[in-house]
Structures are given as structure tokens and as C-alpha cells.
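Number of protein chains: 2
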Amino acid sequence: MSVVTLAVDAMGGDHGLSVTVPAVARMLSRHDHLNIILVGQPEPLAEALRKQGLQDHARITVQPAAEVVAMDDPVAVALRQKKDSSMRVAINQVKEGKAQAAVSAGNTGALMAVSRFVLKTLPGVDRPAICTAIPTSAGHCHMLDLGANVDSEPAHLVQFALMGQALVRAVDGERHPRVALLNIGEEDIKGNEQIKEAAALLRATADMNYVGFVEGNGIFAGEADVVVCDGFVGNVSLKTMEGVAKMIGNMIREEIGQSWLRKLSGLLALPVLSGLKKRMDPDRYNGASLVGLRGVVVKSHGGTSVEGFISALEVAELEARRNVPALIRDALAPEAAPDTGA
Amino acid sequence: MSVVTLAVDAMGGDHGLSVTVPAVARMLSRHDHLNIILVGQPEPLAEALRKQGLQDHARITVQPAAEVVAMDDPVAVALRQKKDSSMRVAINQVKEGKAQAAVSAGNTGALMAVSRFVLKTLPGVDRPAICTAIPTSAGHCHMLDLGANVDSEPAHLVQFALMGQALVRAVDGERHPRVALLNIGEEDIKGNEQIKEAAALLRATADMNYVGFVEGNGIFAGEADVVVCDGFVGNVSLKTMEGVAKMIGNMIREEIGQSWLRKLSGLLALPVLSGLKKRMDPDRYNGASLVGLRGVVVKSHGGTSVEGFISALEVAELEARRNVPALIRDALAPEAAPDTGA
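Residue numbers (this note's numbering), protein chains in the order written: chain A, 30 to 371; chain B, 30 to 371.
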């Protein structure tokens, strides 16, 4: 297996080094062909590596960066003021060809803006999008855009569809993934003008298994492999999922806590509940891809655990190994002049 | 307590009479002050009443209607061809002042179109909306619009906010309900132009406890009492909730089914799971209000159970008793000329 190098923003997210460094340690022991460039403030980073006994690891390189993009930093600060941030320096590694992918748990808006500024979009891509795997009763699907773009035009939705299709072909090995548009009904007459026009364009798109509209509940029924939507709608849907799943989890805990009988019954229910947790675990689905850029960038949830950050690293490793940006470029601009960009 | 009369489309929904008539029977035994006009095809309706021993019930009137709007009938068919449908005749009862509310499990598009055509909108209301209660960790909130309007303009979102506020004041007795706009971030700069403009209008609205933006996960955290959104976004969010809850339910059943040990542990977990079911039960939250019309119209889920249809009847009874349309009229057009409409 060819060598893959990931550049990791070691400082990003709510928990920074205490999550990123242990995750990197576990990831390296899983994958022999993997190298990691850890980007961050040299002293705390060296300290965290020593704690994990990683200070002399042959496959870890440290790349210093003096600043950290805070979770609440405005995009303009990340872009114009913090030019030596761990986030930006990690993305620079991809730009310079030293890494094939960058991973950060830093704030989404900043990560997208810096990635777009540093790496640029692929030819044929007007707007990069955010894409992630979503659990379904049949396994999972991929959904995009999840918030990078509001007010997407029909042509943008078509680009999202092509990018999602290329991604799923690469990571799931599914040659003809079912592509659907998220809508408020399954009949052709439903939805707004944007959706109807996008549907007409998708029906006319060659080499695409476009299966029509899917509703919010259809996402989870396994009706599609790629669910395409505007970023406003996609973000609301994604956050709704998170909210419902969290509320149900809390309710289960509250119900268990209500009486001794219930505590006992809750204890006995553990095998069932842990089976459920394994399938719905947000850690397992952590790692959203910023697609449409000249390089792989993966965004981890800011508040994720070590396990969750490992999932994001796995997403980046797989997309880098399969060279997803090249596949997206081929899908979006098959007849364009050879790409002379980075 | 003053007498309330509900007109019930006895034929609507996936299960028609087998759900609506038993639900009406239970509802009448709960509420002494309630009268029901059952609307439907005379023979099957009489037969269903006999089965329940209700043929001579003093508080049931039968209103014949020859036709039924099918779940997949286009709006145009319901509106122009089936003028003697049980759905339409039920709404006519409200128009003619014989009932204070109509309830139907028939198809949503048809119900909204026929209601709007027959009852007309209240002064100051450009577009009626669909509103329902949503479970949250703190109890519930109300959310609108859930699919009647796509591409809502900022002024429409403000009308939705005013209607939702009036509804919650009436049914929850909450004088200053917290009103929020559904958005993809909580900061002022997030979202599309429509949302930012609506936010500015809501901040300037007198007598409203506008609390700002709420994200998809915030709906369930109990951050607002009224969640306002465009119908496209609201419908996707609502269906997402249904889809996630159903998937989790299925996963729990599958996990329980996996082995004898798990079956046993699942059995012992029943008190916990039934506590959970009670709180998340879709039946309990069945019954969406069509707000902004000159009369109360409540839409039941098409595939609901007897319990679920009772919930929809309860929503209608409460809104009729509190005279929600008059409160919405006062909220939307406080300085308008006296209403001379129906």
C-alpha cells in the first residue's frame, strides 16, 4: 500500500492536544503506511507527544505554528490575521505537496474559508461543499451540502451531485450510487423552483443513477446513497438528526434513573443499548469532507472524543489514498484543459 | 364549559372509518361538552357507527358526503372535481358556522387548498401555515411552517411568528412565549438574506419575546417555544425527526431480536422503553394546525392509529374552545377594520 501523509491541526477543537495526539498515536499503530505531520505550538505539542511516548516516533513530523484559530473566531480573523495558525499551516502542507490531506477540529467557517483560499477550488467547481456519511437502516448514505452554501442555484446542486457521486464511488466502491434530491415530497410537482430545475438537470446528466426526490425521513430509510441539498436545508437536517438522537439518549438515561426497578431493568438492558449506541454513535460518523478543493480536507466535530477524531483521520486517510480530488476533477470537468493548478 | 362542535372527515387517511369512528367514540366519552358531526359516505358510516354502538348517540350528527379525497389525489382533483368529498363537506360545516373546527387525516396538500378556498385567510395573513407541537427535553415547542409554503419571504416569516405566538399563548397559556428563527448558526452573521431580514423585522416587532436564532439541534433542547421557518426547511426538519426516531426504534427492536440473552434483556428493559415511547410517541404529537384561516382546521397523520386520531381531535377541540382564529386575527391585523368575512 502506498504511503499516505496526513497533516493534522493538533490544536483545533474544544479539547485540542488531549484528543488529537492520542488519536494520532492509535491511528499510526493501525496503519503501517501512514505518516503524520502534527501542526501546532511547539512546546505544548512536544509535551503532549512525550506524555504519549511519541517524541521519537519515526512516522511523526512536527510542523510548528504559533497561533490557534479559536472556535468562535470570525472567518476574517482566521483568514487575514492568523496566518501562522495550526489550521492554516496544516492546509499549507497539502498545498505544498507534503501531505495528501489535512484534518482539523477547528471551526467550520474558518476551515472552509482558509481551505478555499489556500488550496483553491477544482476546475468546474463553483462552490466547495461539506459532505458526511449519515447512518441509515441499510448502512449509511452521504449527504451534501451541509452548510457551506446557502441559496444554492440548480447548477450548484448538480455539482454537489457529481462531487458526491465521485466521492461515494471512491470510498464505498459503489459504481452506480443512487443519487437523490432532498425535497418535501416525492412527486414531481413538489418543492420549490430551484429543486424542480435541479431535478430536470440531473435527469439529463450522463452516467448518473439519479433516482428522484427523497424526503427527510427517506434519508434514513436507505433510499439513496447520495443525498443532495442546499447547505441551509442540509445543515438544519443534520443538526435536527443530532438533536433528536441526543434527546432520545437523554430520555433513555432519565427513564433508567427514575426508580430502582428501572435502574435494574436499565442495567439488564445494557447489551441492547450498547448495540444501539454502536450503530448510532456520533463518534463513528465523525469526519466531514470539504469537497471540491484541490486537496483533501476533513473537518472533525469540535467537541469530539479520541475515538471520534480517529474516525475523522480514517476518512482523510481513505480519501487521500483513493485520491478523491482527482476523481472529482475528472467528474466535473471531463473535457477541460489539463489542470495546471496546485 | 361551552359546547364545542367538531366536524370530522370520517373517511380520510389510510385507515378511514376504522380509525376515525372509534376515536370519536372515545373522545365523546372524555368530553361532555363536545358534539361531533361525522362526515362521510352514509352506508359505510352507518355500519361503522352500529359496530361501535353509536348509531343513536345524542351528540353525533351524520352529514353525508358522496366522495372521498384519496391520499394521492392531486390538489386540483380535490379542489375542482370532488366537491362533495367528506373533506370538503367537513370544512363546509365550519364555514357555515355549524362546527368550530374540522379534522381530517386526508392528504395535506388537498386539505390546505380546500380549507383555503372554502374558509379564506384571515385579514393580514398572506399565506396560511402548518404548525405542530414537537417534543423537546423541556416538554414541547411549536414549529411553523411545516410545508405549506416554499420560498417564504421575510414578511411571511414574521406572520408565521405572530401566528405561532398567538397559538401558543392560547393553547399553552404562555403569555410571553420565546420566539426563535431556525437558522444554521446562532451568530447574527449566519444564514441567508431572507433569515437576516426576518430577524431584523422580528427584533422590531412589538409585544414579542424574540430570542434570536436557533439551530436544528436547539429545537429539542427547549431553547424556544415557537420555532419559525420556511416551509421547505420546516418540512425537511420534521421528516428528519420522524426518520431518525423511527430508525432508532427499529434498531432497538433489531438489537433485542439478536439473541436469547438480548431478548431477555430487552424484555427486562420494557419499563424503560415504554417510558421512552410514551415521551416520544408520534401518536401523542399527532395533529397539525392549519393556521391563518377563518376557522380551525387540524390535519392528522394519514397513517395514524385510534390514539393518534384522538390527539388530533384534542388539538382541534382546544383550539376551537380557545377560538384561536380570532386571536390570530387580532395579532395580525390589530388596527384593521372589523372583519366582515365568514
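C-beta: ideal position from N, C-alpha, C; glycine also.
Under the three-state reduction of DSSP, which class applies to residue i: helix, strand or coil?
i	result
I120/B	helix
T369/A	With a pLDDT of 46 at T369/A, under the threshold of 50, the modelled position of this residue cannot be trusted; read the value that follows with caution. If DSSP states are grouped into helix, strand and coil, T369/A belongs with coil.
Q84/B	coil
H44/B	coil
N212/A	coil
D359/A	helix
P248/A	The displayed chain sequence assigns Ile, not Pro, to residue 248/A. I248/A: coil per DSSP, three-state reduction.
A142/B	helix
S181/B	coil
L267/A	helix
T234/B	coil
L186/A	helix
L196/A	helix
S58/A	helix
S340/B	helix
R79/B	helix
K127/B	coil
K219/A	coil
D101/A	coil
N352/B	coil
D201/B	helix
E284/A	helix
R156/B	coil
For residue i, go through chain A and note every residue whose CB falls closer than 7 angstroms to its CB, in chain order.
i	result
D20/B	What the structure shows of chain B is the stretch from 30 to 371, and residue 20/B is not part of that stretch, so it cannot be assessed.
G176/B	I213
CB residue i to CB residue j, shorter than 8 angstroms?
i	j	result
V240/A	A209/A	yes
L57/B	V91/B	no
T49/A	A39/A	yes
A131/A	V123/A	yes
I213/B	F261/A	yes
V3/B	L361/B	Since the first and last residues shown for chain B are 30 and 371, residue 3/B lies out of range.
A190/B	V265/B	no
P164/B	V320/B	no
K328/A	G245/B	no
L83/A	E346/A	no
L46/B	A77/B	yes
P51/A	V335/A	yes
S318/A	T161/A	yes
D254/A	H330/A	no
A128/B	T34/B	yes
M100/A	D180/A	no
R323/A	P354/A	yes
G193/A	G251/A	no
V197/B	P206/B	yes
At a CB-CB cut-off below 7 angstroms, which residues of chain B make contact with residue i?
i	result
K268/A	E244, G245, N246
A265/A	In the sequence on display, residue 265/A carries Val and not Ala. L211, I213, G245, V262, V265, S266, listed in chain order.
Considering only DSSP beta bridges, list what residue i is partnered with.
i	result
Q92/A	V68/A
D259/B	Bridge partners of D259/B: none, in fact.
G17/B	Nothing about residue 17/B can be reported from this structure: the residues present for chain B run from 30 to 371 only.
K307/A	The partner list for K307/A (beta bridge, DSSP) is empty, contrary to what the question assumes.
M172/B	T161/B, V256/B
V33/B	L63/B
E328/B	The residue you asked about is not Glu; residue 328/B is Lys in the sequence shown. DSSP, once it has assigned bridges, lists S133/B, A317/B as partnering K328/B.
D38/A	V68/A
T333/B	According to DSSP, which records beta bridges pairwise, T333/B is partnered with nothing at all.
S114/A	E96/A
T150/A	L322/A
List the residues of chain A that residue i touches, going by C-beta distances under 8 angstroms, in chain order.
i	result
S166/B	M276, N279, M280
Taking C-beta pairs closer than 9 angstroms, name the residues in chain A that residue i reaches, listed in chain order.
i	result
G42/B	In chain order: nothing, as chain A lies at least about 17 angstroms away.
Residues of chain C with a CB under 7 angstroms from the CB of residue i: which are they?
i	result
V273/A	No chain C is present in this structure, whose protein chains are A and B.
Flag residue i as yes when its Cβ comes closer than 7 angstroms to any non-hydrogen atom of the ligand SAH, and as no otherwise.
i	result
F338/A	Absent from the structure shown: the ligand SAH. Ligands present: none.
Taking contact to mean at least 3 C-beta pairs separated by less than 8 angstroms, is the region 142-150 of chain A in contact with the region 226-241 of chain A? no
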